[in-house]
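J.: Got a structure for you, questions after.
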Amino acid sequence: MPGWPEVLTGPVDEVASLLLGAVLRHSGVAVRLTEVEAYDGPDDPASHAYRGRTPRTEVMFGPPGRLYVYFSYGMHWCANVVTGPDDRASAVLLRAGEVVDGIEAARSRRGAVANDVRLARGPANLARCLGLDRTCNGLDLAGLLVLPDPPAFAVSTGPRVGVSHAVDVRWRFWCSGDPTVSTYRRSPRAVSP
DNA sequence: CTTTTGATCGTCT
DNA sequence: GACGATCAAAAGC
């Protein structure tokens, strides 16, 4: 059984499913990941790294096990775990999770939320629960991200959300039936089949 | 229930 | 200067 962070160096879609059930802890809140998406840098037109190395994507080209945080739509932060060998520039977007510790802190960061299962539903909401922002870009996750014991739950796969390319690639993974997983909505920009 | 729209700015062309 | 790995509220049915 490979240790940290070697376990992250396999094919990014396999690594993504391994991250389901992992617990990420930051700023007094812990979230158990229930939904993730894989992005494979060089071969994936939907990946930020597809068009090469830029200041923003620099972290993706570095070693695995670090956090890649990007700013989205002028107001949100979203977080990825960098995977693969150095220079592969693959990453797994953290789309949803269940708050398993620090729920009061998570609630206060999110403001009024009707139901706790929605606290960390959606990548920007998950990042907000954990207090992740630009200062966390490149953060070494050793000790902060605890991988699950051999997964004892069913995994579903489907198309990725929000991307306008390669919509047919089933690189979104989630814990089957988990209430914290967002209901699927195809990108408005996705090309019609 | 589904669809539309406003908020808001870093990044890349 | 246009666009985007989003979200929540509003509007339409």
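Take the first sequence: its letters are residues 0 to 192, numbered as in numbering that gives the first Met the number 0. Where a beta carbon is used, it is the ideal one built from N, C-alpha and C, also for glycine. All of these numbers come straight from a predicted model, not from anything done at the bench.
Which of the three DSSP states is assigned to Ser71 in this structure?
T.: By 1-based counting over the first sequence, the position of residue 71 is 72. Strand, per DSSP.
J.: Going by DSSP, name the residue or residues bridged to Trp173.
T.: Translated into the one-based positions of the first sequence, residue 173 becomes position 174. According to DSSP, which records beta bridges pairwise, Trp173 is partnered with Glu34 and Ser155.
J.: Rounded to a whole number of angstroms, what is the C-alpha to C-alpha distance between Ala29 and Leu23?
T.: Translated into positions along the first sequence, residue 29 becomes position 30. Translated into positions along the first sequence, residue 23 becomes position 24. Rounded to whole angstroms, Ala29 to Leu23 spans 6 Å at the Cα level.
J.: DSSP three-state call for Leu140: helix, strand or coil?
T.: Here residue 140 refers to the residue found at position 141 of the first sequence. Leu140: coil per DSSP, three-state reduction.
J.: I'd like the list of long-range same chain contacts for Gly157, defined as Cβ closer than 6 Å, with 5 residues on each side in sequence excluded.
T.: Start at 1 with the first residue of the first sequence, and residue 157 comes out as number 158. Contacts found: Arg169 and Arg171.
J.: Taking Pro10 as the reference, which of Asp132, Asp177, Val91 and Tyr69 has the closest Cα?
T.: Taking the first residue of the first sequence as 1, we reach residue 10 at position 11. Cα-wise, what sits closest to Pro10 is Val91.
J.: What's the C-alpha gap between Ala15 and Glu36?
T.: In the first sequence, the residue the question calls residue 15 occupies position 16. In the first sequence, the residue the question calls residue 36 occupies position 37. So the two alpha carbons sit approximately 7 Å from each other.
J.: Between the alpha carbons of Ala48 and Pro41, how many angstroms are there, rounded?
T.: Taking the first sequence and counting its residues from 1, the one referred to as residue 48 is at position 49. Taking the first sequence and counting its residues from 1, the one referred to as residue 41 is at position 42. Going by the C-alpha atoms only, they are around 7 Å apart.
J.: I need the boundaries of the alpha helix (DSSP H) containing Val14, first residue and last residue.
T.: If you number the first sequence from 1, residue 14 lands on position 15. That run of the alpha helix (DSSP H) goes Val11 to Leu18.
J.: So which of Cys128, Asp12, Pro122 and Val6 has the shortest CA-CA distance to Ala95?
T.: Sequence index remark: in the first sequence, residue 95 carries index 96 (1-based). Here the closest residue by C-alpha is Pro122.
J.: If I'm right that Ala88 touches Val98 with Cβ under 8 Å, what's the distance once you round it to whole angstroms?
T.: Translated into positions along the first sequence, residue 88 becomes position 89. Translated into positions along the first sequence, residue 98 becomes position 99. About 30 Å; that fails the 8 Å criterion.
J.: Please name the residue in Cys77, Arg50 and Pro44 whose C-alpha comes closest to that of Ala162.
T.: In the first sequence, residue 162 corresponds to position 163, counting from 1. Inspection of the sequence shows that residue 162 is occupied by Val rather than by Ala. Per the Cα distances, Pro44.
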